[in-house]
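Protein sequences appear in the order of chains G and E.
If you read the first sequence in the numbering used here, its first letter stands for residue 160, the second for the next number, and so on.
If you read the second sequence in the numbering used here, its first letter stands for residue 160, the second for the next number, and so on.
Built from N, CA and C at the ideal position, the CB exists for glycine as well.
2 protein chains.
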Amino acid sequence: MKKYRPNISDVARLAGVSTATVSRALSNPSLVSEATRKAVQGAIATTGYRLNETARNLRHRRTGGIVALVPNLANPFFSQILSGIASVLGPAGYNLLIADTRTAGADRLLDYAEPSRADGLIILDGSLPAAALTGRIPMVEACEWVPGLAAPRVKIDNRAAAGLAVNHLADLGHSRIGHVVGPAGNVLSVARLAGYEDTLRSRGLPLMQSAIYQGDFSLESGRVAAEVWLQQPQDTRPTALFLASDAMACGFIGEVQRHGLSVPRDVSVVGFDDIELIAHISPPLTTIRQPRTAIGQIAAERLLNRLRGGEDTDQDTILSVELIIRASTAAPRL
Amino acid sequence: MKKYRPNISDVARLAGVSTATVSRALSNPSLVSEATRKAVQGAIATTGYRLNETARNLRHRRTGGIVALVPNLANPFFSQILSGIASVLGPAGYNLLIADTRTAGADRLLDYAEPSRADGLIILDGSLPAAALTGRIPMVEACEWVPGLAAPRVKIDNRAAAGLAVNHLADLGHSRIGHVVGPAGNVLSVARLAGYEDTLRSRGLPLMQSAIYQGDFSLESGRVAAEVWLQQPQDTRPTALFLASDAMACGFIGEVQRHGLSVPRDVSVVGFDDIELIAHISPPLTTIRQPRTAIGQIAAERLLNRLRGGEDTDQDTILSVELIIRASTAAPRL
DNA sequence: CTGAAAGCGCTTACAG
DNA sequence: CTGAAAGCGCTTACAG
């Protein structure tokens, strides 16, 4: 018992008009007389007709889809950005396709940047090869960016944001301020590290190699950084740390607490991102709030604007961040 | 400077064959002679031809897409499931479309369950209306399920899983065991609450209304539950709690700690899900591990199997859970 | 092994 | 305001 799917000719026949007229009644009703419109609507209702998007897309030489290239779908950091993207794309009639750049091979990436696959691309992974992406479908970068790729970017000023964090710690009176960096080579890691170093210099504070810990944004790497920090001599190790992600800050705090130390009494901690959870742990984490939903929304809007042929200045959109002071930072112990 | 996109006729002309032959060389090479195949490959290489998926899909009367209906994309709980889904769909040549059932209106939902939109549906939201979904495209439910909807389900035994948690607390010697339930009416909430009650009964422990706290899976609702618990008299309130999500458990622990109490000394806590973060907070959380990636993968595989016309038994797949004992549970204080 | 032809379900420039 | 016709880019049953 195969279900019969009515097509546009079925509707036309029933309404006593041509398929062209049905099509017009659907996509540009003002071109059609009141009476015909009613007839078509009636025929649609009785047949249960629904437009075949694939056919329309073929005719329009588009796909109706926009691909988001995510470095790691399992990383919750991206869910809120995707949520922002989805909230714009859905109402605009675009499908949101999601591809995990880790599971998808490099060859599949090319498939995604292919006009037959998607009308546009939102890049959330700065580690992709610029060459493979250049000169293909319209794209926009969000959060991260691919160096050398000419695409508008929607992001924050990571360097300045790191400055906010470090200045906050310096203002509290800390002079030995450490930093746990993100993944080596990552554009965000580099920018935040630079902001950290800038600020120490501008405040006249010492820049020590031993106060910089390698991380990769993950909880576990924050925990490992804590292990290293715990082993350093108490009188020379940092009394405060700025970590390049909240996840690392969580890992760090958890490990330090398990060793019987207290935050912020024994060490002040600032994270980055303001993921929801860290307001609820103990102590609630001081952090840099990144407007993730807005980043996703604006990235999607800029892309749609380009697809609609709108003038795009190609300029980056820089969204502002906010230092959220909670209870994980305090003046150093005397 | 519009770029010219070569189509199958361009390739055919260059290779000196018909479009039919090019098509065969592409989709069923064994039908074509070695020599022709080479010629076609050459022509493809020099033209830079890429197959137009939309045209192929129209011809095949399919869309090449599978929609995942997610209750709330911003909720990181789903990212790992989606990751599992993506890892199966990508290699199988399907696009993963994602729709947030909160941002998408009810009418848009229908659009998604539409053969012209997607070839299949993965439902992750048990609160959708069964009627709107029934009898449309092939679908499978993962984690949550829509009561009354006839679709294979990939899930865990939530009732038994709750039993694991409560038995663990009872084994430690707790007799006043509380429960923070999930959102009212949610299928998971109902099942986990039933498992909680079952187990108390089977262990001969008291079932007290005051030990059941309303929640909604969110961090904030866990925090609120802690507020309620903190106000209850110490000698009658639960000495241990089973919370229906890790997020709530985090919110609960954070609030309790901020009031100067200690976990598990003052109260034991078991969560649900085993989200990555809760292994790193202090104390690391005892919880029920749900195989989220596997749930996503298996759901995707079962759906693909149906789409390929495979026999599907329509039976539910029940994946097993695991009690992960960490440091948030201990024997009650005497 | 290969080609000519029809067709998937739409849309739109053209003519009236 | 409306229709006939061509075409978007493929695939496949049919014939050879």
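Sixteen is the threshold: since fewer than 16 other Cβ atoms of the shown chains lie within 10 Å of the Cβ of E470 of chain E, the residue is exposed. Any Cβ of chain E closer than 8 Å to the Cβ of Q456 of chain G would place that residue at the interface, and such an atom is absent. With a contact defined as Cβ atoms closer than 8 Å, V191 of chain E and A184 of chain E qualify at about 5 Å.
Here S427 of chain G is buried: its Cβ has 16 or more other Cβ atoms, across all protein chains shown, within 10 Å.
DSSP places N464 of chain E within a helical segment (H, G or I) once states are collapsed to three. Counted as a single uninterrupted DSSP element, the stretch harbouring A343 of chain E is not any beta strand (DSSP E), since DSSP gives it neither H nor E. About 5 Å separates the CB atoms of V247 of chain E and Q456 of chain E; that is less than 8 Å, so the two are in contact.
Your pair F411 of chain G and V429 of chain G does not check out as a contact, with CB atoms roughly 11 Å apart and the cut at 8 Å.
With contact defined as three or more Cβ pairs closer than 8 Å, the region 327 to 340 of chain E and the region 307 to 315 of chain E are not in contact.
About 5 Å separates the CB atoms of D433 of chain G and T446 of chain G; that is less than 8 Å, so the two are in contact. Counting only the Cα atoms, V299 of chain E lies some 39 Å from P397 of chain E.
Selection E:A171, E:A179 and E:G224 evaluated against G207 of chain E yields E:A171 as nearest (Cα-Cα). Comparing C-alpha distances from K197 of chain E to each of E:L364, E:I296 and E:V181 shows the shortest one belongs to E:V181. Straight through space, the alpha carbons of Q416 of chain E and L256 of chain G are spaced by roughly 42 Å. Between the alpha carbons of L463 of chain G and G223 of chain G lies a gap of roughly 11 Å. T178 of chain G: member of the alpha helix (DSSP H) spanning T178 to S186, first to last residue. Under the DSSP definition of a beta bridge, I447 of chain G partners with G:L482. Among the CB atoms of chain G, none fall inside 8 Å of the CB of A202 of chain E.
Counting C-beta atoms within 10 angstroms of its own C-beta, I225 of chain G has 16 or more neighbours from the protein chains shown and is therefore classed as buried.
In the DSSP secondary-structure assignment, E300 of chain E is bridged to E:I282 and E:R312.
Sequence-distant Cβ neighbours of A214 of chain E in its own chain, meaning closer than 8 Å and more than five residues away, do not exist here. The Cβ-Cβ distance between Y372 of chain G and G344 of chain G does not fall below 8 Å. Within chain G, the residues whose beta carbon sits less than 8 Å from that of S246 of chain E are D259 and T262, listed in sequence order.
In the three-state reduction of the DSSP assignment, I434 of chain G falls in the coil class.
Scanning E:D473, E:D394, E:A459 and E:L482 for the CA closest to the CA of L493 of chain E turns up E:D394. Considering only E:A301, E:A277, E:A204 and E:P274, the residue with the shortest C-alpha distance to F237 of chain E is E:A301. When DSSP states are grouped into helix, strand and coil, V429 of chain G belongs to the strand group.
If one requires a minimum length of 4 residues, the alpha helix (DSSP H) runs lying completely within the region 200 to 268 of chain G are 212 to 219 and 236 to 248, in chain order.
Beta-bridge annotation (DSSP): Y355 of chain E is not paired with any residue. Within chain G, no C-beta atom comes nearer than 8 Å to that of Q373 of chain E; the closest sits roughly 18 Å away.
Shown here, F401 of chain E sits in a strand according to DSSP, grouped into three states.
The residue among E:T205, E:S186 and E:Q449 with its C-alpha nearest the C-alpha of L347 of chain E is E:Q449. Of the residues assessed, H439 of chain E falls on the buried side of the cut-off, its CB having 16 or more other CB atoms within 10 angstroms.
For A277 of chain G, the closest C-alpha among the options G:A290, G:P392, G:N216 and G:G307 is that of G:N216.
Within the DSSP secondary-structure output, Y372 of chain E pairs in a beta bridge with E:V339. Residues of chain G with a Cβ closer than 7 Å to the Cβ of T213 of chain E are, in chain order, T213, N216, L217, T222 and S275.
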